[in-house]
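Step one of this worksheet: look at the structure below.
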Amino acid sequence: MSTLPFPASVYSARLSRAASLAADAGLDTIVVGPGPDLQYLVGVEGDTIERLTALVLAPGATPTVVVPRMELAKVRSTAVGELGLAVADWVDGEDPYALVTSAVGDAARVGVSDALPALHVLPIGDRLGVRLELATPVLREGRMIKDAEEIAELRRAGEAIDAVHRRVHEWLRAGRTEREVAADIAEAIVAEGHRTVEFVIVGSGPNGADPHHEVSDRVIEEGDIVVVDIGGAVPSGYNSDSTRTYVVGTPAPAAAERIAVLVRAQQAAVDAVRPGATAAEVDAAARSVLTDAGLGEAFVHRTGHGIGVSVHEEPYIAPGNDLVLREGMAFSIEPGIYFAGEWGARIEDIVVVTAEDGERLNVAPHGLTTVGLR
């Protein structure tokens, strides 16, 4: 019985589009290894191991999946089985790269997915006798534009993570460690509808000034500003990612004022989302609000990243990125401000580009949220 999150017809359309995009890019074949691209195209999840699994996709040809026989049942339970794709299985002692060569045939330009490691890329290139190219531009284009089914899953993920943020007051209080709070949050992420916990950041006081701090044994204190950045994958494999900033008790007035500016900056970036705008313009909308308030140097990262079957994927909402936004793109809007040795703050929502503007998928309160002392 299939456990695919989408009908087989969805995967068939994705394969057809990828093949068409490969042809447009002048590639004769693309070879896709385990990772987000393979999950997106045929529903096969998992990471690359020493035994080769790969999808060989060529315009006008039936896609072929090269797979170890010990993984055959798992692969056939995905769209590979439902769509009747060609399967070339192998056992230890046989040469899987010869199967790739056979499936590729006579090709002058072959692209490989960026998740396929050198462990497999080098033997494939040797067998084919061609210089392999990255298929990233082809695969990126397909994944950047979300269809209705994907957007529905991202909305489901957004609602689930919002439910967790609304419960943070149950666990976040003075006297507990970041690690203790994070453990409760992780349990709630699953309880509220996620299949997996991808990350939990609880950055209290000076730890919040490190954008990628995770957790520590620091004891949370009265007056701490606390960054809580959390996300996970719902059963379909699509991810949530949302950050809110909390204060234990009463915040210092200067901190509260700065965080109010951050909330305005985040809103300005959301308001700038529309088809035809560039990623750089959305980034600039947030950055200009902070710069005008004298906080520009405290914003040390890009405004956002795409999201889907990966937590981080294209498009990246960053300075200098002139990529034009199109309906169906989904990405985070997450400006932050950080003061080394003191505190940090970040506000993050996932936003989808609609026909006219941007739709927030996270609606939990955005302002500095007060939690109890004990």
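Under this note's numbering, the very last position in the sequence shown is 450; numbers go up by exactly one each time. All residues carry an ideal CB built from backbone N, CA and C; glycine is no exception.
According to DSSP, residues forming a beta bridge with serine 408: Taking the sequence shown and counting its residues from 1, the one referred to as residue 408 is at position 332. Ile426.
Who are the near neighbours of tyrosine 414 in its chain, counting only those whose CB is closer than 7 Å to its CB and skipping five residues on each side? Start at 1 with the first residue of the sequence shown, and residue 414 comes out as number 338. Once the five neighbours on either side are set aside, the close Cβ partners of tyrosine 414 are Ala285, Pro287, Ala374, Val376, Gly420.
Does DSSP put asparagine 315 in a helix, in a strand, or in coil? Here residue 315 refers to the residue found at position 239 when the sequence shown is read from its first residue. Asparagine 315 falls in the strand class under three-state DSSP.
Below 8 Å on the Cβ atoms is my guess for leucine 401 versus glycine 352; work out the distance and round it to an integer in Å. Here the question's residue 401 lines up with position 325 in the sequence shown. Here the question's residue 352 lines up with position 276 in the sequence shown. With 8 Å as the limit, leucine 401 and glycine 352 qualify as a contact, their Cβ atoms being about 7 Å apart.
Determine the contact status of aspartate 433 and arginine 350, defining contact as a CB-CB distance below 8 Å. Within the sequence shown, residue 433 is the residue found at index 357, counting from 1. Within the sequence shown, residue 350 is the residue found at index 274, counting from 1. Closer than 8 Å, so yes.
Measuring CA to CA, which of Asp190, Val180, Met220 is closest to glycine 205? One-based indexing of the sequence shown puts residue 205 at position 129. Residue Val180 holds the alpha-carbon nearest to the alpha-carbon of glycine 205 among Asp190, Val180, Met220.
Run of the beta strand (DSSP E) containing glutamate 131, from where it starts to where it stops: Here residue 131 refers to the residue found at position 55 of the sequence shown. Glutamate is not the amino acid found at residue 131; the sequence shown has leucine there. Residues 130-133.
Cβ of glycine 443 within 7 Å of any heavy atom in the ligand SAM? By its list of ligands, the structure shown contains no ligand whatsoever, and the ligand SAM lies outside what it can speak to.
Which complete alpha helix (DSSP H) runs does the segment 220-263 hold, if anything under 4 residues is left out? Taking 4 residues as the shortest admissible run, the segment 220-263 contains the following complete alpha helix (DSSP H) segments, listed from N- to C-terminal end: 224-241.
Have a look at proline 144 and glutamine 343 and give me their C-alpha separation to the nearest angstrom. Taking the sequence shown and counting its residues from 1, the one referred to as residue 144 is at position 68. Taking the sequence shown and counting its residues from 1, the one referred to as residue 343 is at position 267. Looking at the two C-alpha atoms, the distance is approximately 49 Å.
Have a look at the DSSP bridge pairing and note the partners of phenylalanine 275. For the purposes of this step, residue 275 is identified with residue 199 of the sequence shown, where counting begins at 1. Partner residues in the beta bridge of phenylalanine 275, as assigned by DSSP, are Gly307.
According to DSSP, is leucine 192 helix, strand or coil? Taking the sequence shown and counting its residues from 1, one reaches residue 192 at position 116. Three-state result, leucine 192: coil.
Is the distance from the Cβ of glutamate 274 to the Cβ of asparagine 315 below 8 Å? Sequence index remark: in the sequence shown, residue 274 carries index 198 (1-based). Sequence index remark: in the sequence shown, residue 315 carries index 239 (1-based). Yes, these two residues count as a Cβ contact at 8 Å.
If you follow the alpha helix (DSSP H) that glycine 157 is part of, which residue opens it and which one closes it? Stepping through the sequence shown from its first residue, residue 157 is reached at position 81. Looking at the DSSP string, the run of the alpha helix (DSSP H) that includes glycine 157 is 155-158.
Are aspartate 104 and alanine 233 closer than 8 Å when you measure CB to CB? The sequence position of residue 104 within the sequence shown is 28, counting from 1. The sequence position of residue 233 within the sequence shown is 157, counting from 1. Taking a C-beta distance under 8 Å as the contact criterion, aspartate 104 and alanine 233 do not qualify as a contact pair.
To which residues does DSSP link leucine 210 through a beta bridge? Locating residue 210 in the sequence shown gives position 134, counting from the first residue. DSSP, once it has assigned bridges, lists Val188 as partnering leucine 210.
Among Arg320, Glu254, Val141, the one whose alpha carbon lies nearest that of threonine 177: To locate residue 177, count along the sequence shown from 1; it is residue 101. Minimum Cα distance to threonine 177 is reached at Val141.
Check whether the Cβ atoms of alanine 94 and leucine 128 lie closer than 8 Å to each other. Numbered from 1 along the sequence shown, position 18 holds the residue referred to as residue 94. Numbered from 1 along the sequence shown, position 52 holds the residue referred to as residue 128. Their beta carbons are not under 8 Å apart, which means alanine 94 does not touch leucine 128 by this criterion.
Is DSSP giving glutamate 373 helix, strand or coil here? Within the sequence shown, residue 373 is the residue found at index 297, counting from 1. Collapsing the DSSP output to three states places glutamate 373 in a helix.
Which class does glycine 218 belong to by DSSP, given the choice of helix, strand or coil? Here residue 218 refers to the residue found at position 142 of the sequence shown. Here DSSP, grouped into helix, strand and coil, assigns glycine 218 to helix.
Within 10 Å of its beta-carbon, does isoleucine 301 have 16 or more other beta-carbons around it, so buried, or fewer, so exposed? Counted from its first residue, the sequence shown places residue 301 at position 225. Buried is the call here.
Express the C-alpha separation of leucine 248 and glycine 279 in angstroms, rounding to a whole number. Along the sequence shown, read from residue 1 onward, the residue named residue 279 stands at position 203. Along the sequence shown, read from residue 1 onward, the residue named residue 248 stands at position 172. In this structure, the CA atom of glycine 279 is about 11 Å from the CA atom of leucine 248.
Taking contact to mean at least 3 C-beta pairs separated by less than 8 Å, is the segment 212-232 in contact with the segment 79-90? The segment 212-232, when compared against the segment 79-90, does touch it at the 8 Å Cβ threshold.
Taking the CB atoms as reference points, tell me whether glycine 281 and glutamate 297 lie closer together than 8 Å. Walking along the sequence shown from the start, residue 281 turns up at place 205. Walking along the sequence shown from the start, residue 297 turns up at place 221. Yes, they are a contact pair.
Whole angstroms is fine: what's the gap from valine 339's alpha carbon to proline 135's? For the purposes of this step, residue 339 is taken as residue 263 along the sequence shown, with counting starting at 1. For the purposes of this step, residue 135 is taken as residue 59 along the sequence shown, with counting starting at 1. Straight-line measurement puts the Cα of proline 135 at about 47 Å from the Cα of valine 339.
Which same chain residues end up closer than 6 Å to glutamate 229 when comparing Cβ atoms and leaving out the 5 residues on each side of it in sequence? What you label residue 229 is simply residue 153 of the sequence shown in a count that begins at 1. Once the five neighbours on either side are set aside, the close Cβ partners of glutamate 229 are Ser312, Tyr314.
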